[in-house]
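Shown next, in structure tokens, is the structure this report addresses.
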Amino acid sequence: MRLPRSLGFSSGSLFICSRILFAHSEGHGQAGLVAAIVGALLPLPGRLFKWEAVFTGWALASSAWMMTRILKGDTRIWTLVGFGALLGAGILLSLVFILAWPNRGLLLLSRQSVKPLAIALLIALTLAGLGTVRNFMVFRHFVFIRDDAGMALVSSNNDCATALISKNIASGCFAHEHLAAAFAMLEKMMAAGEYEFSAAEVRRTRDWVRLHVSRFAILTLQRAGYFWFPLDRLDRASRLRGIMMSTVTVLSNPRDIAGQIRRPPYSYRCVAAVLAYYYIDQFERRYRYRVLWISLLFASIGMELLINGDDSITAHRSPIAHNTGMPAGSR
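For the sequence shown, our numbering begins at -11 and goes up steadily by one.
Here's what the structure looks like:
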């Protein structure tokens, strides 16, 4: 157990440092420190907590910090290699983060030459390619990193599905549709083969969505709401954690109505692309863990501005927000 604990402690420490460095690069060092401490103290349980909140969060926060360095003109080779390695590590930990790549690439192209983007992309794709080559050797098909999307989507979008996985488990819908709980599904996969089974599940999801457009739209809106306000009534502990995470969501937008807070809008644009996937998959609270650090950071920045007053807004203006020319409070 020493190695996993050491790995968890090291990753947690790096995660805290990367959040502070990112906030400091955006002119909010104190707010970043507060957010990192609060994030480390939050009681967020779950068997996948370290994987979702620490390892994946560290890759996202670290790559965000490296991105700010490159946008400010640091195009040294080691900076670009580090950025590319973090991009690759991010999608190896959670493939959904590849949805943030287009926004990051376009932003880099708008400020820098093609060369920095090409170097970072080469490093990232090299790391991703290792897993893809392994998959081809095993399945004899092109599988980019992993192929479980079909199983996740079909169990989230069907006749008995609700927006919450806890309700789907309680109703028996999850056991009927998901490989992890349905022995019949496991036998079906073994007979068809993993690649063919996953491809068939993707087609089944697509066909269901085409026949139930309104139901899919309602589920998507419900899942989006639960993502930001995860008020699951499963038990008392779930309710309390849902209230806590919902409070963080509210506090992360204390001055958006007045349009006075300056934030790194590229972070929101990149994260928004990632969230698109979570809105079509049944909600689990662990999905929120991956980007909770961003909400904590913006909540801390908002409180800092409320305490210091309007005079601190110009002094703490995000260089990225200023250079992109996006309106204040952009999401």
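Just so it is clear, CB atoms sit at the ideal spot from N, CA and C, and this is done for glycine as well.
- prompt: Is the beta carbon of T193 sitting closer than 7 Å to the one on L141?
  reply: yes
field: Cut-off 8 Å between Cβ atoms - residues of its own chain near I231, not counting five sequence neighbours on either side
entry: Correct list, in chain order: L219.
query: In whole angstroms, what separates the C-alpha of L209 from that of Y275?
result: Straight-line Cα distance between these residues: approximately 16 Å.
field: Residues near T56 in its chain [Cβ-Cβ closer than 6 Å; skip 5 each side]
entry: Setting aside the 5 residues that flank it on each side, T56 is surrounded in the same chain by S13, each with a C-beta closer than 6 Å to its C-beta; the list follows chain order.
- prompt: Whose CA, out of S283, V42, E272 and G61, lies closest to the CA of V238?
  reply: With distances taken between Cα atoms, V238 lies closest to S283.
C-beta contact flag for F162 and A169 at 7 Å: yes
- prompt: Taking the alpha-carbon positions, what's the C148 to R211 distance?
  reply: 15 Å
- request: Give the C-beta separation of G138 and A108 to the nearest angstrom, bearing in mind that I take them to be a contact with Cβ-Cβ under 8 Å.
  value: Contact doesn't hold; Cβ gap of about 30 Å is too wide.
- prompt: F10 and A47: beta carbons closer than 7 Å?
  reply: no
task: Find the nearest neighbour of D267 within the set S226, W281 and S144, judged by alpha-carbon distance.
output: Just to set this straight, residue 267 is Tyr in the shown sequence, not Asp. Checking every option, the nearest Cα to that of Y267 belongs to S144.
message: Measuring only the C-alpha atoms, how far is M178 from C5?
response: When only Cα atoms are considered, M178 and C5 end up about 44 Å apart.
query: Between the C-alpha atoms of G72 and I79, what's the straight-line distance to the nearest angstrom?
result: Each residue's Cα considered, the two are about 11 Å apart.
- request: Could you spell out the range, first to last residue, of the alpha helix (DSSP H) harbouring S288?
  value: Membership of S288 in the alpha helix (DSSP H) is indicated by the continuous run R273 to N296.
message: Using the Cβ count rule (16 or more neighbours within 10 Å means buried), how would you classify G247?
response: Note on G247: pLDDT 42, under 50, position unreliable in the model; no value is reported.
- prompt: Under the three-state reduction of DSSP, which class applies to L167: helix, strand or coil?
  reply: coil
message: Counting only C-beta atoms, is W53 closer than 7 Å to chain B at any point?
response: Protein chains in the displayed structure number just one, and chain B is not present.
task: Could you work out which residue in R203, G93, A88 and L87 is closest to L68 when comparing CA atoms only?
output: G93
task: For D269, count neighbouring C-beta atoms within 10 Å of its own C-beta (all shown protein chains included) and say buried if the count is 16 or more, exposed if not.
output: buried
- prompt: Any idea if D135 is buried or exposed, counting beta-carbon neighbours within 10 angstroms, 16 or more meaning buried?
  reply: buried
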